[in-house]
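Protein chains in written order, with the working numbering: chain H, 8 to 304; chain Y, 2 to 273.
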């Protein structure tokens, strides 16, 4: 490519001609709104045309940070995220190892396993709403079949977060498995041959060879999941909308309600700025962990 | 030794079966309930054996304007995917060929930021421009999911193409632009299919942007399905029929294009 010198302007500036439309789109639709949100977070405004935004400085942040409801939503976000992430990783790796071997119908099984990820989340949330229904839902019907007492599931303040975690695990464990299976297919065969010569058991090979070699892949999978679990909206909104008693109200749901149900735009924006920083911080933390691991190899 | 192997194969097969059953259970439940009457859903003794009815499906199309919602969802998903391809393919090509790492990083940030952070400004701006409840505002907002995804997948796809073909084209007198449109794009089918399919699915499934920006005229399927909750008594059968209608196209695409979908979902990951 370097051997030929371009003569026309279009070709010489192709770098910019090709990227400028996308850059402008991102500036207008992403960077500008983020700045706008940050600005509004210092104002009090209810989207009314009659009363213009009023500058209140850090008041929104102060009242948010002194609110119980805010801290409950921080706690819910962390519990939900941590629970989902840990279970999905353990289960996802286990299922990847289970499905990676060769067997008849492997492709069909892999495809079926893919479906929870692509199915419309809001619709699946509503299906889970029916499953968790205390009187007619499948969850309690199954408990009764094996002789256990029916439960309240998402209607109970103590069970709601675990119930939501179960939905997320159902939906997104396949993602972890998929990435781990892609990682498994790139593993070298030499360590296994050496281990076979030494007479290692299957379990020893798993713990001493496979898992250490997969470490990077698993961390990347966890990082991608972490970013998305923190932002979970659809399944919570479809099933509990933050209830009962705001116990399952994550930052995403609370921010949405502040903005579009209570029309406290300033408060909502200050929450969204904090939420944005949290997601960025969590991502950077995972990148840092990954780099530490890479350095230690 | 051989016997032991056969037993472990049976155990693994059984485990695989349990995993698949557990993960498909909500789909089976949704499908069964969509063919039940309200009273059949209410009685726990008719779990699997019941007389199927199609009343839910007819009521979804007759009482609610589902054809219109399907049309709206389709227009928005197709529009945002086409728009994202139009902006994303050249950008991804330039990022891959000219090593614009910083721009690549900006694209990644777009994937990380919570979508809800844009919603308030979008709503205010689109209200001022009278664009709420119109296709342009919905397509633009959905593009913010599709564009970064398409760029991200296509950077690694273009990066993997051999340079020799492009150099040959240049020596034959093609302009760089012609190299892109006449040589690069025609051999990029797999990458374009993968990224467009997923961009389409993301838009089809999108709920958060649509619930704010869509109104009566542009209501999409996810919003229509969700609105079933606002009736005093939930009509579970119709709700499940609606859920089937909205997920069915996505599931069929996933079954037919499994390979593309898997590589698309893994592409975002492997490059991290």
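A virtual CB, placed ideally from N, CA and C, is assigned to each residue, including glycine. Bear in mind that the values here come from a model prediction, so they are computed numbers and not experimental data.
Query, Result
"Reduced DSSP category for residue 52/Y - H, G, I as helix; E, B as strand; rest coil", "coil"
"Short CB-CB distance (under 8 Å) between residue 255/H and chain Y", "no"
"8 Å contact criterion, which residue 232/H and residue 92/H should meet: CB distance rounded", "6 Å"
"Residue 206/Y at chain H interface by Cβ criterion, 8 Å", "yes"
"Identity of the residue in 55/H, 24/H, 297/H nearest residue 229/H by Cα", "297/H"
"DSSP bridge partner residues for residue 160/H (one or two, in chain order)", "BP columns for residue 160/H are empty, so no partner."
"Identity of the residue in 179/Y, 246/Y, 70/Y, 216/Y nearest residue 283/Y by Cα", "This structure does not reach residue 283/Y, given that chain Y is present from 2 up to 273, and the question cannot be answered."
"Own chain residues within Cβ distance below 7 Å of residue 190/H, not counting five before or after", "221, 224"
"8 Å Cβ cutoff, residue 119/Y in contact with chain H", "yes"
"Beta bridge counterpart(s) of residue 61/H as assigned by DSSP", "51/H"
"C-beta atoms of residue 152/Y and residue 89/Y nearer than 8 Å", "yes"
"Spatial neighbours of residue 267/H in its chain, beta-carbon cut-off 6 Å, leaving aside the 5 residues before and after", "none"
"Selection of the region 126-144 of chain H by Cβ proximity to chain Y, strictly under 7 Å", "126, 127, 128, 129, 130, 131, 133, 134, 135, 137, 138, 143"
"Reference residue 73/Y, options 228/Y, 232/Y, 135/Y, 175/Y, closest by Cα", "135/Y"
"Closer than 7 Å at the beta carbon, the chain Y residues around residue 18/H", "176, 177, 178"
"Closer than 8 Å at the beta carbon, the chain Y residues around residue 124/H", "266"
"Through-space distance from residue 263/H to residue 128/H, alpha-carbon basis", "17 Å"
"Min CB distance residue 32/H to chain Y below 8 Å", "yes"
"Own chain partners of residue 245/Y with C-beta closer than 7 Å, once the 5 adjacent residues on each side are dropped", "31, 32, 35"
"Where residue 270/Y falls, given that 16 or more other Cβ within 10 Å makes a residue buried", "Residue placement at residue 270/Y is poorly supported in this model, since its pLDDT is 49, which falls under 50; the coordinates still yield a value, given next. Buried, since its Cβ has 16 or more Cβ neighbours within 10 Å."
"Contact under 8 Å by Cβ, residue 262/Y with residue 199/Y", "yes"
"Chain Y contact for residue 2/H (CB, 8 Å cutoff)", "Only positions 8 to 304 of chain H appear in this structure, which leaves residue 2/H out of reach."
"Selected residue, minimal CA-CA separation from residue 274/Y, among 168/Y, 204/Y, 192/Y", "In the structure displayed, chain Y extends from 2 to 273; residue 274/Y sits before or after that span and is not available."
"contact_flag[the region 202-219 of chain H, the region 275-289 of chain H] where n(CB pairs < 8 Å) is 3 or more", "no"
"Beta-carbon spacing of residue 271/H, residue 115/Y below 8 Å", "no"
"Inter-residue Cα distance where the pair is residue 229/Y and residue 188/H", "39 Å"
"Environment of residue 140/H [buried if 16+ CB atoms lie within 10 Å]", "buried"
"Spatial neighbours of residue 237/Y in its chain, beta-carbon cut-off 7 Å, leaving aside the 5 residues before and after", "34, 39, 42"
"Which listed residue (108/Y, 201/Y, 242/Y) has its alpha carbon closest to that of residue 81/Y", "201/Y"
"Element boundaries [alpha helix (DSSP H), containing residue 39/Y]", "39-43"
"Classification of residue 94/Y by the beta-carbon crowding that lies within 10 angstroms, buried from 16 upward", "buried"
"Contact with chain H by residue 17/Y, beta-carbon distance below 8 Å", "yes"
"Residue-level contact to chain Y via CB, residue 97/H, 8 Å cutoff", "no"
"Nearest-angstrom beta carbon gap, residue 48/H and residue 273/H [assumed within contact, 8 Å]", "6 Å"
"Proximal residues of chain H, C-beta to C-beta of residue 259/Y below 8 Å", "114, 117, 118, 121"
"Residues that residue 263/H contacts on chain Y, provided the C-beta gap is smaller than 7 Å", "117"
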